[in-house]
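A.B. asks: Provided herewith is a single structure, encoded as structure tokens, for subsequent inquiry.
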Amino acid sequence: MRMLARCAFDDAQPIRGTLAQGYFESRDLWSVAMEIEDIRFHPACPRESGEHPAVVIAMRSIASRAVTAVQRLFLDRQGRKIGKGMMLGTCSGAAMQLQPKIGSTLHIAEGLETALACIAMDHAPTWALGSTSLIQTFPVIGDIDRLVIWADHDPLQKIGGIWCRPGHKAAGVCMDRWLKAGKQVEVETPKREGWDEADVWSARCARL
């Protein structure tokens with residue numbers, strides 16, 4: 012799977028002039044996405060049922076920065092997102108490292124669009140993890156002293172017989188581990204239920 016992920020990323024192309032550009036423009040995120048080389052476009056990306064146009068984002072090992080997985084956002088012929096993102100490869104211990112580490116502060120978010128919105132709102136550097144489970148297990152990084160988690164304000168869901176908000180729960184588990192390691196942690200979340208920072212950014216751009 013790791014080799015398939017690497018091939019999908021290597022076969023992808025820059026996003027300018029593709030369906031991906033239209034998608035990011037529709038989310039007011041083009042000015043940010045266009046600057047990130049790890050965000051690419053594949054006109055016929057493999058999926059369970061054949062091939063489909065997709066935004067392909069490298070997921071790099073936190074330890075080595077090698078591409079071990081990709082996140083795929085499939086698009087229709089009008090550049091609209093189809094369903095949720097799908098990962099391919101070895102995702103554990105990896106992240107969409109949208110910006111290089113600078114200084115001792117790091118911001119993380121679940122979705123690519125949420126992370127891009129954080130960057131657009133001058134929260135940098137920001138990485139996307141791709142799922143709540145990867146936020147929960149996000150490892151402590153030695154040269155990062157302050158972690159800011161941009162948690163989705165998910166509606167209440169029953170998980171394992173317990174009602175919780177998945178985004179908040181994942182952020183809490185991650186926060187506890189980092190605090191025990193002597194790090195500073197902040198959790199930020201939109202006030203409005205069902206929103207993430209991408210929604211906040213869209214509202215700021217007068218789309219919501």
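If you use our numbering, the sequence shown corresponds to residues 12 to 219, in order.
Cβ coordinates follow ideal geometry from the N, Cα and C atoms, glycine included.
Just so we're clear, the structure is a prediction, and the values are computed from it rather than from any experiment.
Give the range of the alpha helix (DSSP H) segment to which Val-184 is assigned.
C.D. replies: Its alpha helix (DSSP H) spans residues 177-191.
A.B. asks: So, helix, strand or coil for Ile-93, using DSSP?
C.D. replies: If DSSP states are grouped into helix, strand and coil, Ile-93 belongs with coil.
A.B. asks: Counting pairs of Cβ atoms below 8 Å between the region 93-109 and the region 56-74, do you hit three or more?
C.D. replies: They touch, by the three-pair rule.
A.B. asks: Which residue wins for smallest C-alpha separation from Ala-80, given the options Leu-15, Trp-189 and Ala-214?
C.D. replies: That would be Leu-15, whose Cα lies nearest to the Cα of Ala-80.
A.B. asks: Cutting at 7 Å between CB atoms, please list the residues of its own chain near Met-186, excluding the five before and the five after it.
C.D. replies: For Met-186, where only same-chain residues beyond five positions count, the Cβ hits under 7 Å are Ile-160, Val-196 and Val-198.
A.B. asks: Can you name the residues that DSSP bridges to Glu-62?
C.D. replies: Paired residue(s): Pro-57.
A.B. asks: Rounded to the nearest angstrom, what separates Leu-109 and Glu-208 at their Cα positions?
C.D. replies: Answer to the nearest angstrom: the Cα atoms are 16 Å apart.
A.B. asks: Leaving out the 5 sequence neighbours to the left and right, which residues in its chain are closer than 6 Å to Met-97 when beta-carbon positions are compared?
C.D. replies: The answer, listed in chain order, is Arg-83.
A.B. asks: Along the chain, where does the alpha helix (DSSP H) that runs through Leu-145 open and close?
C.D. replies: Per DSSP, Leu-145 belongs to the alpha helix (DSSP H) from 143-147.
A.B. asks: Mind reading off the beta-carbon distance from Gly-122 to Ala-135? Whole number of angstroms is fine, and I expect it under 8 Å.
C.D. replies: No, Gly-122 and Ala-135 are not in contact; Cβ-Cβ is about 17 Å, not under 8 Å.
A.B. asks: Look up Gly-33 in the DSSP assignment and say whether it is helix, strand or coil.
C.D. replies: Three-state DSSP puts Gly-33 in a helix.
A.B. asks: Using three-state DSSP, classify Met-132 as helix, strand or coil.
C.D. replies: In this structure, Met-132 counts as coil in the three-state DSSP scheme.
A.B. asks: So Pro-54 and Pro-64 are supposed to be a Cβ contact under 8 Å. How far apart are they, rounded?
C.D. replies: Rounded, the Cβ-Cβ distance is 5 Å, consistent with contact.
A.B. asks: Helix, strand or coil for Met-107 per DSSP?
C.D. replies: In this structure, Met-107 counts as strand in the three-state DSSP scheme.
A.B. asks: In whole angstroms, what separates the C-alpha of Val-184 from that of Glu-46?
C.D. replies: Straight-line Cα distance between these residues: approximately 32 Å.
A.B. asks: Check Met-12 in the structure and name its three-state DSSP category.
C.D. replies: Met-12: coil per DSSP, three-state reduction.
A.B. asks: How is the beta strand (DSSP E) around Glu-197 delimited, first residue to last?
C.D. replies: Taken as a continuous stretch (DSSP letters only), the beta strand (DSSP E) holding Glu-197 covers 195-199.
A.B. asks: Could you give the DSSP three-state label for Thr-79: helix, strand or coil?
C.D. replies: Note: Thr-79 maps to strand in three-state DSSP.
A.B. asks: If you measure between the beta carbons of Thr-1 and Arg-13, is that distance less than 8 Å?
C.D. replies: Because the chain here runs from 12 to 219, residue 1 falls outside it and cannot be looked at.
A.B. asks: Rounded to a whole number of angstroms, what is the C-alpha to C-alpha distance between Arg-188 and Lys-95?
C.D. replies: Answer to the nearest angstrom: the Cα atoms are 28 Å apart.
A.B. asks: In whole angstroms, what separates the C-alpha of Ser-37 from that of Leu-30?
C.D. replies: Distance between the alpha carbons of Ser-37 and Leu-30: 11 Å.
A.B. asks: When burial is assigned at 16 or more other CB atoms within 10 Å of the CB, is Leu-190 buried or exposed?
C.D. replies: It counts as exposed.
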